[in-house]
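What follows is a single structure, written as structure tokens, with notes after it.
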Amino acid sequence: MTTDTNRLKLVMEQKIEAELARLSELADVCVFALYDPVTPDGDPIDFYCVDRRDESAARPPLTLSFNGVGVWYFAFRRGETFTVRKVLLRISDHRFIDAQVGDFEGYWEDFPQYVAEDRWVQSIIRRNGPANANDSGSNGPVVFRPGAALRG
Numbered sequence: 019m020t021t022d023t024n025r026l027k028l029v030m031e032q033k034i035e036a037e038l039a040r041l042s043e044l045a046d047v048c049v050f051a052l053y054d055p056v057t058p059d060g061d062p063i064d065f066y067c068v069d070r071r072d073e074s075a076a077r078p079p080l081t082l083s084f085n086g087v088g089v090w091y092f093a094f095r096r097g098e099t100f101t102v103r104k105v106l107l108r109i110s111d112h113r114f115i116d117a118q119v120g121d122f123e124g125y126w127e128d129f130p131q132y133v134a135e136d137r138w139v140q141s142i143i144r145r146n147g148p149a150n151a152n153d154s155g156s157n158g159p160v161v162f163r164p165g166a167a168l169r170g
């Protein structure tokens, strides 16, 4: 890789990690699930769920040093409903393969089931490619471009 490419990669990683940290601080609940793309129907190989009200809870990983499909769910509770910002990164051999963000709204009591059965994530893992990030289909996926930061 050239020096400019290495710098660009480092800047991109720093911006993404900073935005993940920002969303994590704002969210009521933060979930991170790491999937092995080789076993698309399997459970996550790593999983964290942090309620911001629990001061003793460890923060979910906010680094990009993994191989596989990492998905962060940043849930914002509004009484009986929630809005979630989800961020999906597929990394293989320290290279970004796919990256998307999406939003979803639902009833708070359904949030655990939503995370466990997220069809959007499963379709990406199974097809080994991007899918529509928004379950409603109203907005297309947001694909990372160098220098672009995730904004909620």
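Just add 18 to the spot in the sequence shown (first one is 1) and you have the working numbering. Cβ coordinates follow ideal geometry from the N, Cα and C atoms, glycine included.
Q. Contact between the region 48–60 and the region 83–96: three or more CB pairs below 8 Å?
A. yes
(Q) Using the three-state DSSP reduction, which class does residue 96 fall into: helix, strand or coil? (A) Residue numbering aside, residue 96 sits at position 78 when the sequence shown is read from its first letter. Here residue 96 carries a strand assignment [DSSP, helix/strand/coil].
(Q) Do residue 87 and residue 53 count as a contact pair if the criterion is CB distance below 7 Å? (A) Reading the sequence shown from its first residue, position 35 is the one you call residue 53. Reading the sequence shown from its first residue, position 69 is the one you call residue 87. Yes, these two residues count as a Cβ contact at 7 Å.
**Q.** Per DSSP, the bridge partner or partners of residue 86
**A.** Along the sequence shown, one-based indexing puts residue 86 at 68. Beta-bridge pairing links residue 86 to 109.
Q) Roughly how many angstroms lie between the CA atoms of residue 140 and residue 132, to the nearest whole one? A) Within the sequence shown, numbered from 1, the residue matching residue 140 stands at position 122. Within the sequence shown, numbered from 1, the residue matching residue 132 stands at position 114. Whole-angstrom Cα-Cα distance: 12 Å.
Q | Exposed unless 16 or more other CB atoms sit within 10 angstroms - verdict on residue 38 | A | Position 20 of the sequence shown, counting from 1, holds the residue named residue 38. Under this definition residue 38 is a buried residue.
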